[in-house]
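Presented below is the structure to which this report refers.
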Amino acid sequence: MAHSLRYPYKLASREAHKENTVVNIRDNIKIGGEEIQIMAGPCTVENYEFVSKTAKVCKKSGAKILRGGAFKPRTSPYSFQGLGKEGLEILKQVGKEEKMAIITEILDLRDINLVAKYADILQVGTRNMQNFKLLEELGKIDKPILLKRGMSARIEEWLLAADYIMSNGNPNVILCERGIRTFEREIKNTLALTSVPIIKELSHLPIIVDPSHSVGKPSLIPPMVKAAIACGADGILVEVHPEPEKAFCDGEQALLPKNFSKMMGEVKTIAKAIGRKL
Ligand code: PEP
Ligand code: MN
14 MAHSLRYPYK LASREAHKEN TVVNIRDNIK IGGEEIQIMA GPCTVENYEF
64 VSKTAKVCKK SGAKILRGGA FKPRTSPYSF QGLGKEGLEI LKQVGKEEKM
114 AIITEILDLR DINLVAKYAD ILQVGTRNMQ NFKLLEELGK IDKPILLKRG
164 MSARIEEWLL AADYIMSNGN PNVILCERGI RTFEREIKNT LALTSVPIIK
214 ELSHLPIIVD PSHSVGKPSL IPPMVKAAIA CGADGILVEV HPEPEKAFCD
264 GEQALLPKNF SKMMGEVKTI AKAIGRKL
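Below, the structure written as structure tokens:
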């Protein structure tokens, strides 16, 4: 019974559910099973050409899920805010052409139906991890939710946020570590990779790692991705852009397609060494 559980998060805890949860995305893509899933694409959708170019290379190297923001949570109100519905349409079209599933961010309660029509996975960004009303509404839809860790959130708070979704009826939650704020200035955020094995102990939910927003710099992405896979992450969410200097958002941290492909070769070797598939 729920009240006898030791942990405050009653649904996300390993105590409540011993087996690993495997989240099914369409086309038999599974997150949290033997296979590691790679979600790759630009920070934001700028145009069809960039998304299509990126998707082709990523797919060829083994990514089955295409990422891209249509609604962007920008620090400055003067920065590009995303193409909105037009961005969703571009993602959907490229996803169809390349046979990739789509993940994109949901920012606002009012856009849930719209975004759910286009996306296979709805992403809750770091800034919305404790937007409880948004989480409750996402608990009422039947699409998987990727819940990023709040940049200042403790693991307990993160798992309680997952319970906001799950207790409203949606068990398909994927956690994503994306780095936390610390005193360190050499990197954008501190990638707290310890959360991967910690989550595996405390929870049955799948956990993936976003190296892009953690380190904020392309050269550090491959080593962190390799470490993430080695320590048990179920997948990776990474920003790739064919012409980073022309990106509207996060160009400074985008991996070039050729470097993404090289990294994927190395990741496959690690996956094999720990008995997982990619
Ligand atoms: C993103 O994935 O583009 C994003 C905005 O990430 P985060 O919420 O981790 O900053
Ligand atoms: Mn970004």
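14 is the number of the first residue of the sequence shown in our numbering; add one for each residue after it.
By construction, the Cβ of each residue, glycine as well, lies at the ideal position given by its N, Cα and C atoms.
query: Is R198 near the ligand PEP - that is, is its Cβ less than 7 Å away from at least one heavy atom of it?; result: no
query: Just the residues with CB closer than 5 Å to a heavy atom of the ligand MN, in chain order, which are they?; result: C56, D263
query: L160 by DSSP, collapsed to three states: which one?; result: strand
query: Taking CB distances under 8 Å as the criterion, tell me whether E150 reaches chain B.; result: Among the chains of the structure shown, chain B does not appear; only one protein chain is present.
query: Shorter than 7 Å, the distance from the beta carbon of R140 to the closest heavy atom of the ligand PEP, or not?; result: yes
query: From which residue to which residue does the alpha helix (DSSP H) around E102 run?; result: 98 to 111
query: Sort out for me which residues DSSP pairs K43 with in a bridge.; result: N37
query: Would you kindly work out how many angstroms separate the C-alpha atoms of K156 and N183, rounded to a whole number?; result: 8 Å
query: Going by alpha carbons, who is nearest to Y20 out of K201, G95, L215?; result: L215
query: Candidates R191, M113, L135, V186: which alpha carbon is nearest S208's?; result: R191
query: Along the chain, which unbroken stretches of the beta strand (DSSP E) at least 3 residues long are found entirely within the stretch 37 to 95?; result: 42 to 44, 50 to 54, 78 to 80
query: Whether or not the stretch 45 to 56 and the stretch 264 to 279 are in contact is what I'm after, with contact meaning three or more pairs of Cβ atoms, one per stretch, closer than 8 Å; do they touch?; result: yes
query: Please determine whether the Cβ atom of D223 lies at a distance below 7 Å from any heavy atom of the ligand PEP.; result: yes
query: Below 8 Å on the Cβ atoms is my guess for F63 versus E256; work out the distance and round it to an integer in Å.; result: 7 Å
query: For I193, which of L204, I187, V186, N185 has the nearest alpha-carbon?; result: L204
query: Give the secondary structure of K271 by DSSP, where H, G and I count as helix, E and B as strand, and everything else as coil.; result: helix
query: May I ask you to check if the CB of K161 is nearer than 7 Å to at least one heavy atom of the ligand PEP?; result: yes
query: For L188, which three-state DSSP category applies?; result: strand
query: Restricting to Cα atoms, I'd like to know which of L172, V137, N181 is closest to K153.; result: N181
query: Taking only heavy atoms of the ligand PEP into account, decide whether any of them is closer than 7 Å to the Cβ of G82.; result: yes
query: Would you list the one or two residues that DSSP bridges to G278?; result: Beta-bridge pairing links G278 to no other residue.
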